[in-house]
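**Q** Structure below; questions to follow.
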Amino acid sequence: MSFTRVWLIGLVALLGAFEVSAQQTDAHQLYEGACAKCHAAHAGDFVFESLMMTGDGLVGRSNGVPVFEFLASGHGRISAAEVAVLMRHFTSIQEGSQLFQQKCYVCHQRAVLLSEVKLITRDGQLTGRYSGRDIADFLAEHGRLTPEEVPVILERLTTNLPPQNAQ
């Protein structure tokens, strides 16, 4: 086997491990450990206070710098896999949390707590941990949600599942 082929096989294995590592990283724990000591205690508060969505993606409100570039340049001293996890998390918050705040927060507080305590995936479906009820079906009848809002909330709740609950 040639050196090049061995090197390519090793690279593919490394990239696969990188993806698995990123999937298993809890975005909330990452934010709280790497960011909350200098920024808001919760990522949702940070996103709404400090970031905004533009045509270039998420940027800092005060400086206009793309968040990805800022993190990838070494801010927070996190790995490339962790940058990817935070970017997915911040984008998900930006896209779905305002709706959660408006429609769900009054009864359920933070989306992450609702997801961690009450939800799990079973057979690829977001499900009530104790009721076994399909959450997509449940949301169609719950919380004054319109049909267009159900997938947004479903994505928000799914994104907030801890890695061990997102099977």
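Mapping of the sequence shown onto mature numbering (1 follows the signal peptide of the UniProt record, and there is no 0): residues -22 to -1, 1 to 145, in sequence order.
Cβ coordinates follow ideal geometry from the N, Cα and C atoms, glycine included.
If you compare alpha carbons, which of His67, Val43 and Phe24 is closest to Gly33?
**A** Closest option to Gly33, Cα to Cα, is Val43.
**Q** Given a threshold of 16 other Cβ atoms within 10 Å of its Cβ, counted over all protein chains shown, does Leu91 qualify as buried or as exposed?
**A** Classification of Leu91: exposed, given that the 10 Å Cβ count is below 16.
**Q** I believe residue 161 touches Ala5 by the beta-carbon criterion, under 8 Å. Please report the beta-carbon distance rounded to the nearest angstrom.
**A** Shown here, the chain extends from -22 to 145; a query on residue 161 therefore has no answer.
**Q** Beta carbon of Glu73, beta carbon of Glu133: below 9 Å?
**A** Closer than 9 Å, so yes.
**Q** Rounded to whole angstroms, what is the Cα-Cα separation between His86 and Val128?
**A** Going from the Cα of His86 to the Cα of Val128 covers about 16 Å.
**Q** Quick one: measure Cβ to Cβ for Phe46 and Gly35, integer angstroms, because I've assumed they're closer than 8 Å.
**A** At roughly 7 Å, the Cβ-Cβ gap stays under 8 Å, so Phe46 and Gly35 are in contact.
**Q** For the ligand MN, is there any heavy atom lying closer than 8 Å to the beta carbon of Glu10?
**A** What this structure holds is no ligand at all, so the ligand MN is not there to describe.
**Q** On the three-state DSSP scale, how would you describe Gly11?
**A** Helix.
**Q** How is Gly54 classed by DSSP in three states: helix, strand or coil?
**A** Three-state DSSP puts Gly54 in coil, outside helix and strand.
**Q** Taking 8 Å as the limit between beta carbons, can you name the residues of its chain near Val61, skipping five residues before and five after?
**A** Within the same chain, Val61 has close Cβ partners Phe46, Leu49 and Ala50.
**Q** If we ignore side chains and look at the alpha-carbon of each, how far apart do Ala118 and Gln2 end up?
**A** When rounded, the distance between both Cα atoms is 30 Å.
**Q** Distance check for Thr69 and Gly106, CA to CA, integer angstroms please.
**A** Roughly 25 Å separates the two Cα atoms.
**Q** Output needed for Ile71: all residues of its chain with C-beta closer than 7 Å, excluding positions within five of it in sequence on either side, in chain order.
**A** Hits under 7 Å: Ala21, Gly22 and Val25.
**Q** Pull up the CB-CB distance for Lys96 and Arg122, whole angstroms please, since I reckon it's below 8 Å.
**A** No, Lys96 and Arg122 are not in contact; Cβ-Cβ is about 19 Å, not under 8 Å.
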